[in-house]
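Q: Before anything else, here's the structure in question.
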Amino acid sequence: MANEYDVIVLGSGPGGYVAAIRCAQLGLKTAIVERENLGGICLNWGCIPTKAMLRSAEIYHYMQNASDYGLVAKGIEADLAAIVKRSRGVAKQLNQGIGHLMKKNKIAVHMGEGRLTGANSLSVKGEKGEESLTAKHIIVATGARARDLPFAPADGKRVWTYRHAMTPSELPEKLLVIGSGAIGIEFASFYNDLGSEVTVVEMLDRIVPVEDADVSSFLEKSLKKQGISIMTGAGVEDIKVTDKGITAKIKDKAGKVATSDFTHVIVAIGIVPNTEEIGLDGLAEMERGFIQIDPYGRTKTKGLWAIGDCTPGPWLAHKASHEGVTCAEAIAQEMGNTDVHPHPLDRSAIPGCTYCHPQVASVGLTEAKAREGGREVRVGNFPFIGNGKAIALGEAEGFIKTVFDAKTGELLGAHMVGAEVTELIQGYTVGKVLETTEAELMQTVFPHPTLSEMMHESVLDAYGRALHF
Amino acid sequence: MAVEIKMPALSPTMEEGTLARWLVKVGDTIQSGDIMAEIETDKATMEFEAVDEGVLTEILIEAGTDNVKVGTVIARLAMEGEESAPPPAPPSEPAQTASPPAPAAEGPAATPTARKLAEQNGIDLASLTGTGPKGKITKEDVEAAIAKGGGSPAPSPTPAPAPSASGERIIASPLAKRIAADKGIDLALVKGTGPNGRIVREDVESFDPASAPASAAAQAQSEPKPSAAPEAEGGAPFTEDKLSNVRKVIARRLTESKQTVPHFYLTVDIRLDPLLKLRGELNAALEPDGVKLSVNDFLIKALARALIRVPQCNVSFHGDTLRRYERADVSVAVAAPSGLITPVITEADTKSLSVISTEMKALAAKAREGKLMPHEYQGGTASLSNLGMFGIKQFDAVINPPQGMILAVGAGQQAPYVVDGELAVATVMHASGSFDHRAIDGADGAQLMEAIKQLCENPMGLVV
Numbered sequence: 115m116a117n118e119y120d121v122i123v124l125g126s127g128p129g130g131y132v133a134a135i136r137c138a139q140l141g142l143k144t145a146i147v148e149r150e151n152l153g154g155i156c157l158n159w160g161c162i163p164t165k166a167m168l169r170s171a172e173i174y175h176y177m178q179n180a181s182d183y184g185l186v187a188k189g190i191e192a193d194l195a196a197i198v199k200r201s202r203g204v205a206k207q208l209n210q211g212i213g214h215l216m217k218k219n220k221i222a223v224h225m226g227e228g229r230l231t232g233a234n235s236l237s238v239k240g241e242k243g244e245e246s247l248t249a250k251h252i253i254v255a256t257g258a259r260a261r262d263l264p265f266a267p268a269d270g271k272r273v274w275t276y277r278h279a280m281t282p283s284e285l286p287e288k289l290l291v292i293g294s295g296a297i298g299i300e301f302a303s304f305y306n307d308l309g310s311e312v313t314v315v316e317m318l319d320r321i322v323p324v325e326d327a328d329v330s331s332f333l334e335k336s337l338k339k340q341g342i343s344i345m346t347g348a349g350v351e352d353i354k355v356t357d358k359g360i361t362a363k364i365k366d367k368a369g370k371v372a373t374s375d376f377t378h379v380i381v382a383i384g385i386v387p388n389t390e391e392i393g394l395d396g397l398a399e400m401e402r403g404f405i406q407i408d409p410y411g412r413t414k415t416k417g418l419w420a421i422g423d424c425t426p427g428p429w430l431a432h433k434a435s436h437e438g439v440t441c442a443e444a445i446a447q448e449m450g451n452t453d454v455h456p457h458p459l460d461r462s463a464i465p466g467c468t469y470c471h472p473q474v475a476s477v478g479l480t481e482a483k484a485r486e487g488g489r490e491v492r493v494g495n496f497p498f499i500g501n502g503k504a505i506a507l508g509e510a511e512g513f514i515k516t517v518f519d520a521k522t523g524e525l526l527g528a529h530m531v532g533a534e535v536t537e538l539i540q541g542y543t544v545g546k547v548l549e550t551t552e553a554e555l556m557q558t559v560f561p562h563p564t565l566s567e568m569m570h571e572s573v574l575d576a577y578g579r580a581l582h583f
Numbered sequence: 021m022a023v024e025i026k027m028p029a030l031s032p033t034m035e036e037g038t039l040a041r042w043l044v045k046v047g048d049t050i051q052s053g054d055i056m057a058e059i060e061t062d063k064a065t066m067e068f069e070a071v072d073e074g075v076l077t078e079i080l081i082e083a084g085t086d087n088v089k090v091g092t093v094i095a096r097l098a099m100e101g102e103e104s105a106p107p108p109a110p111p112s113e114p115a116q117t118a119s120p121p122a123p124a125a126e127g128p129a130a131t132p133t134a135r136k137l138a139e140q141n142g143i144d145l146a147s148l149t150g151t152g153p154k155g156k157i158t159k160e161d162v163e164a165a166i167a168k169g170g171g172s173p174a175p176s177p178t179p180a181p182a183p184s185a186s187g188e189r190i191i192a193s194p195l196a197k198r199i200a201a202d203k204g205i206d207l208a209l210v211k212g213t214g215p216n217g218r219i220v221r222e223d224v225e226s227f228d229p230a231s232a233p234a235s236a237a238a239q240a241q242s243e244p245k246p247s248a249a250p251e252a253e254g255g256a257p258f259t260e261d262k263l264s265n266v267r268k269v270i271a272r273r274l275t276e277s278k279q280t281v282p283h284f285y286l287t288v289d290i291r292l293d294p295l296l297k298l299r300g301e302l303n304a305a306l307e308p309d310g311v312k313l314s315v316n317d318f319l320i321k322a323l324a325r326a327l328i329r330v331p332q333c334n335v336s337f338h339g340d341t342l343r344r345y346e347r348a349d350v351s352v353a354v355a356a357p358s359g360l361i362t363p364v365i366t367e368a369d370t371k372s373l374s375v376i377s378t379e380m381k382a383l384a385a386k387a388r389e390g391k392l393m394p395h396e397y398q399g400g401t402a403s404l405s406n407l408g409m410f411g412i413k414q415f416d417a418v419i420n421p422p423q424g425m426i427l428a429v430g431a432g433q434q435a436p437y438v439v440d441g442e443l444a445v446a447t448v449m450h451a452s453g454s455f456d457h458r459a460i461d462g463a464d465g466a467q468l469m470e471a472i473k474q475l476c477e478n479p480m481g482l483v484v
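Taken in sequence, the protein lines are chains A and B.
Position one of the first sequence corresponds to residue 115 (the working numbering), numbered consecutively onward.
Position one of the second sequence corresponds to residue 21 (the working numbering), numbered consecutively onward.
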């Protein structure tokens with residue numbers, strides 16, 4: 115009976131541990147397999163520690179601008195090692211928290227490298243040897259890792275992935291960041307705040323390319339003002355690594371190739387799913403390494419499920435967590451539970467956030483996507499400069515943009531740049547899930563004085579009724 | 021200054037009743053027109069509408085209490101400003117609960133219940149005339165607007181169910197409601213797949229009216245599968261279907277009609293041969309124009325003309341008022357997949373037979389596809405139901421309130437008949453009118469039936 119489970123979850127990131135907890139809540143005998151740290155990448159080497167580091171950078175930024183607020187601050191310094199140490203401490207705290215959650219929910223934890231030995235069995239190679247586990251259902255939640263540049267694999271010294279960028283032993287003097295998605299931009303922002311000279315190279319024609327075009331252009335202007343060099347439509351053709359730095363051959367958007375020297379480079383060009391050596395062969399449909407699933411997480415093999423970054427995107431922790439819940443409930447349902455009602459993820463209501471400053475947050479369709487197919491839209495826009503709280507906070511940079519279907523009033527998308535927007539976006543996400551129209555948003559009373567009032571004004575503006583601008 | 025709310029008398033002879041359910045709770049602000057409670061007697065369950073306004077401070081009789089004597093204080097309201105006497109229990113006044121006094125909120129004057137009902141059923145209050153005091157729009161006015169007349173032995177559904185005290189609210193997301201209104205989709209026919217059966221956008225967008233019976237039936241079975249042939253208590257095995265919203269409303273309205281409307285029935289025989297001959301001639305003459313008149317088209321016109329000739333029968337009953345209509349709009353019963361529905365032919369008294377025929381065909385097609393818009397099945401000053409195609413000889417239909425009458429016709433059958441003093445064979449059709457005795461007296465009903473007979477047997481009168 116030991117090592118025999120109802121469900122085994124392979125991987126304990128935000129997808130895996132949440133799936134395991136939900137399984138346990140539903141009364142299923144659950145185990146989780148983890149080869150590194152409970153909490154996976156997000157908790158230990160991703161979302162959480164980077165936010166801790168960005169917080170240090172944010173406060174450093176405020177300290178440097180203390181006089182704006184009538185404060186005097188002298189001898190301001192940033193202690194990189196201490197910043198890193200704090201972020202490691204935060205990660206550690208949460209990692210221990212996951213351990214407690216596993217215990218609380220009576221989820222068996224098997225530390226070691228897991229590998230499928232069939233549709234219903236796993237072998238786990240841990241410190242103490244190998245053990246075999248079987249389960250009625252297995253959820254693959256092995257996540258993903260950073261993609262390498264073929265001509266410059268990460269060495270942790272001069273060529274960094276996010277992992278190395280989070281535990282720097284020195285502050286890069288001249289930093290090249292390849293890729294302007296959330297990860298690239300966040301590190302660019304962080305290191306720029308701490309004093310590095312940062313250059314961002316993006317292959318597409320604008321930074322943060324998944325965001326609305328207005329967000330990309332606003333953010334680019336803002337980051338440039340902060341001293342970050344940005345090259346869009348540009349590609350790094352080659353990198354030569356020396357012990358003093360790197361030399362990068364960059365082709366700009368005009369097609370001109372030039373070489374530049376940097377001390378370090380962060381490669382943030384995307385992710386690769388961890389699905390190669392886990393015994394999946396033949397058990398699941400794959401596409402470019404991602405496990406293909408139905409809306410509930412089922413693979414083509416009965417009893418085998420997959421969630422999170424090892425499946426098609428968006429590759430976000432909260433998406434993985436929701437998939438984990440849905441998957442757990444679908445499994446429970448298959449096992450006879452008639453009270454659960456798993457709901458597949460509504461992909462149009464998954465928010466995305468970038469924690470540089472100014473922050474970026476969005477949900478739903480960009481204006482361009484909304485207009486596709488000739489759909490008539492109404493667009494609202496409200497600038498931070500029109501908001502009392504923003505001005506009082508000294509954070510008057512940013513805007514909130516909303517996109518509505520002109521015919522039905524459906525909220526199609528919301529796009530925000532500015533202070534704290536990552537905390538604001540949930541309002542629109544809740545609205546989308548409730549299938550709000552502009553009417554309900556207009557009727558909602560937002561508290562004053564807050565930044566959130568701009569969410570209201572943006573909706574009003576979409577209908578030509580903004581009050582404060 | 022507390023106002024005492026007392027147990028009302030729902031009929032002159034009521035002495036006591038059961039306080040079945042409270043629909044408000046302590047702390048609620050009560051406005052006149054709000055339904056406060058359901059009161060049950062052995063005869064009926066009635067909604068108790070508030071007359072006074074204020075904040076409910078005390079409930080003195082718990083829900084489910086039997087044998088509450090009329091006049092017993094059941095609750096207290098706290099009011100600001102003047103006191104007003106608690107509603108007395110007036111004799112023979114179901115109107116007491118039907119038309120609340122007191123001024124209204126903004127917009128056209130309407131009771132809150134009427135307002136809510138109108139909003140949920142897509143009815144523009146501005147298009148209604150209120151029958152309450154000072155022209156205030158009451159719940160009954162809105163219900164009348166929803167109703168499409170046409171009772172018959174088969175239930176006639178009100179596709180927009182009233183959110184009555186029994187809680188027939190349709191739960192749908194704002195977006196779903198808007199899209200449904202835009203597309204003229206009746207939310208009562210849509211199966212909700214959202215949380216707690218909420219209708220969400222997806223449900224409305226994938227709504228296929230042709231499969232509405234399937235969805236209505238599926239909705240009826242949406243509770244964890246019907247038990248496969250369980251044994252009854254020592255009886256025959258059965259499967260249990262939960263009633264759809266549409267069926268629930270049919271059940272409620274027809275029960276109300278039978279329980280509260282004093283029906284009386286008058287039958288006449290109509291010799292159909294002249295009408296059938298004329299019909300043949302007209303159809304032959306108009307064939308190039310694609311006109312094909314049915315017997316039913318003639319009957320619609322006949323009923324409409326008769327109603328204008330005998331205006332005392334072209335009425336609707338509203339508690340303490342009677343509405344006399346200035347034209348005849350006939351609600352015509354049509355069998356649709358989801359149940360009987362009654363599209364309305366407006367101005368049937370002045371429209372020509374060919375116009376009536378064309379309109380009827382279009383409406384019937386729409387009805388069968390579940391695509392009737394509310395304005396197409398709401399209203400009607402009287403109804404027509406024809407079961408002749410099923411070989412029914414004669415039947416008595418159920419009045420659809422607030423209409424005053426409904427005409428039920430059977431099959432035209434060959435039968436021995438006295439024509440000009442001699443026995444002959446004629447095509448005889450039995451037409452039966454059901455009348456609301458509160459609104460129409462026997463003699464008036466008889467005059468209407470006479471007029472219908474006369475018009476049908478002298479069909480040239482229907483041609484103009």
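Backbone N, C-alpha and C define an ideal beta-carbon position, used for all residues, glycine too.
Predicted model only: the values in this text are computed from it and were never measured.
Could you name the residues that DSSP lists as bridge partners for H591/A?
A: What the structure shows of chain A is the stretch from 115 to 583, and residue 591/A is not part of that stretch, so it cannot be assessed.
Q: I'd like to confirm the pairing. Which residues does DSSP put opposite M568/A in its beta bridges?
A: Translated into positions along the first sequence, residue 568/A becomes position 454. None, per the DSSP bridge assignment.
Q: Leaving out five residues on either side along the sequence, give the residues of the same chain with a beta carbon under 8 Å from the beta carbon of T38/B.
A: Position 18 of the second sequence, counted from the start, is the residue given in the question as residue 38/B. Only I59, E60, T61, G84, T85, D86, N87 and V88 meet the Cβ criterion.
Q: What residues from the region 187-200 of chain B come within 7 Å of chain A, judged by C-beta to C-beta, listed N to C?
A: Result list: S193, P194, L195, A196, R198 and I199.
Q: Could you tell me the boundaries of the beta strand (DSSP E) in which Q433/B lies?
A: On the second sequence, position 413 is the one that residue 433/B refers to. Unbroken beta strand (DSSP E) run through Q433/B: Q433 to V439.
Q: Determine which residues share a DSSP beta bridge with V273/A and list them.
A: Mapped onto the first sequence, residue 273/A falls at position 159. BP columns for V273/A point to V379/A.
Q: Is A238/B close to chain A? Criterion is C-beta to C-beta, closer than 8 Å.
A: Locating residue 238/B in the second sequence gives position 218, where the first residue counts as 1. With a pLDDT of only 42 at A238/B, under 50, the local geometry of the prediction cannot be trusted, and the value read off the model is given with reservation. No, its Cβ sits nowhere closer than 8 Å to a Cβ of chain A.
Q: Any heavy atom of the ligand GTP closer than 7 Å to the CB of G217/B?
A: Among the components of this structure there are no ligands whatsoever, and the ligand GTP is therefore not found.
Q: For V483/B, which three-state DSSP category applies?
A: For this step, residue 483/B is matched to residue 463 along the second sequence. Note: V483/B maps to coil in three-state DSSP.
Q: Can you tell me the Cα-Cα spacing of G309/A and D269/A, whole angstroms?
A: In the first sequence, residue 309/A corresponds to position 195, counting from 1. In the first sequence, residue 269/A corresponds to position 155, counting from 1. About 23 Å.
Q: Could you tell me the boundaries of the beta strand (DSSP E) in which A260/A lies?
A: Reading the first sequence from its first residue, position 146 is the one you call residue 260/A. Counting along the chain, the beta strand (DSSP E) containing A260/A begins and ends at A258 to A260.
Q: Measuring only the C-alpha atoms, how far is R202/A from N158/A?
A: By one-based count along the first sequence, residue 202/A stands at place 88. By one-based count along the first sequence, residue 158/A stands at place 44. So the alpha carbons of these two residues sit roughly 8 Å apart.
Q: Within the continuous alpha helix (DSSP H) that includes G298/A, where are the two ends?
A: If you number the first sequence from 1, residue 298/A lands on position 184. That run of the alpha helix (DSSP H) goes A296 to L308.
Q: Is the distance from the Cβ of G384/A to the Cβ of R229/A below 8 Å?
A: Taking the first sequence and counting its residues from 1, the one referred to as residue 384/A is at position 270. Taking the first sequence and counting its residues from 1, the one referred to as residue 229/A is at position 115. No; because the gap between Cβ atoms is not below 8 Å, this pair is not in contact.
Q: With burial defined as no fewer than 16 other Cβ atoms inside 10 Å of the residue's Cβ, what is the status of Q398/B: buried or exposed?
A: Your numbering for residue 398/B matches position 378 in the second sequence. Looking at its Cβ environment, which holds 16 or more other Cβ atoms inside 10 Å, Q398/B is buried.
Q: Which one or two residues does DSSP pair with M66/B in a beta bridge?
A: Position 46 of the second sequence, counted from the start, is the residue given in the question as residue 66/B. Partner(s): I59/B.
Q: Could you list the residues in the region 540-551 of chain A with a C-beta less than 8 Å from some C-beta on chain B, going in chain order?
A: Residues L548, E549, T550 and T551.
Q: Taking Cβ positions, are A180/A and A187/A nearer each other than 8 Å?
A: Mapped onto the first sequence, residue 180/A falls at position 66. Mapped onto the first sequence, residue 187/A falls at position 73. In this structure, A187/A lies closer than 8 Å to A180/A by Cβ.
Q: What residue range does the alpha helix (DSSP H) around V147/A cover?
A: Here the question's residue 147/A lines up with position 33 in the first sequence. Element bounds for V147/A: not the alpha helix (DSSP H) but the beta strand (DSSP E), T144 to E148.
Q: Below 8 Å between beta carbons: does that hold for G512/A and G487/A?
A: As a position in the first sequence, residue 512/A is number 398, starting the count at 1. As a position in the first sequence, residue 487/A is number 373, starting the count at 1. Contact flag unset, no.
Q: Please state whether the Cβ-Cβ distance between A302/A and V381/A is less than 8 Å.
A: Residue 302/A sits at position 188 when you count from the first residue of the first sequence. Residue 381/A sits at position 267 when you count from the first residue of the first sequence. Contact: no.
Q: Using a C-beta to C-beta distance shorter than 7 Å, which residues of chain A count as neighbours of V220/B?
A: Translated into the one-based positions of the second sequence, residue 220/B becomes position 200. In chain order: E549.
Q: Taking all protein chains shown into account, do 16 or more other C-beta atoms lie within 10 angstroms of the C-beta of T65/B, making it buried, or fewer, making it exposed?
A: In the second sequence, residue 65/B corresponds to position 45, counting from 1. The residue is buried, with at least 16 neighbouring Cβ atoms inside 10 Å.
Q: Can you give the Cα-Cα distance for A40/B and I55/B, rounded to whole angstroms?
A: On the second sequence, position 20 is the one that residue 40/B refers to. On the second sequence, position 35 is the one that residue 55/B refers to. If I take the Cα positions, the gap works out to 13 Å.
Q: In angstroms with no decimal places, state the Cα-to-Cα distance between T361/A and P497/A.
A: Against the first sequence, residue 361/A aligns to sequence position 247. Against the first sequence, residue 497/A aligns to sequence position 383. Their Cα atoms are separated by approximately 41 Å.
Q: Rounded to whole angstroms, how far is the Cβ of A138/A from the Cβ of V123/A, which I believe are closer than 8 Å?
A: To locate residue 138/A, count along the first sequence from 1; it is residue 24. To locate residue 123/A, count along the first sequence from 1; it is residue 9. About 10 Å separates the two Cβ atoms, so there is no contact after all.
Q: Mind checking if A398/A is an interface residue toward chain B, Cβ cutoff 8 Å exclusive?
A: Residue numbering aside, residue 398/A sits at position 284 when the first sequence is read from its first letter. Taking Cβ atoms only, chain B never reaches closer than 8 Å to A398/A, which makes this a no.
Q: Closer than 8 Å, CB to CB, is D349/B near chain A or not?
A: As a first step, residue 349/B is located in the second sequence; it is residue number 329 there, counting from the start. Taking Cβ atoms only, chain A never reaches closer than 8 Å to D349/B, which makes this a no.
Q: Would you please verify whether the beta carbon of A553/A is less than 8 Å from any beta carbon of chain B?
A: Residue 553/A sits at position 439 when you count from the first residue of the first sequence. Yes, because at least one Cβ of chain B sits closer than 8 Å to the Cβ of A553/A.
Q: For the beta strand (DSSP E) that M225/A lies in, which residues bound it at each end?
A: Taking the first sequence and counting its residues from 1, the one referred to as residue 225/A is at position 111. From DSSP, the beta strand (DSSP E) with M225/A extends over A222 to M225.
Q: Starting from L418/A and walking both ways along the beta strand (DSSP E), at which residues does that stretch end?
A: Residue mapping note: residue 418/A aligns to position 304 of the first sequence, counting from 1. Looking at the DSSP string, the run of the beta strand (DSSP E) that includes L418/A is L418 to A420.
Q: Within the continuous beta strand (DSSP E) that includes E239/A, where are the two ends?
A: Translated into the one-based positions of the first sequence, residue 239/A becomes position 125. The amino acid occupying residue 239/A in the given sequence is Lys; Glu does not appear at that position. Element bounds for K239/A: S235 to G240.
Q: Does DSSP put G203/A in a helix, in a strand, or in coil?
A: On the first sequence, residue 203/A is found 89 positions in, with the first residue counted as 1. Helix at G203/A.
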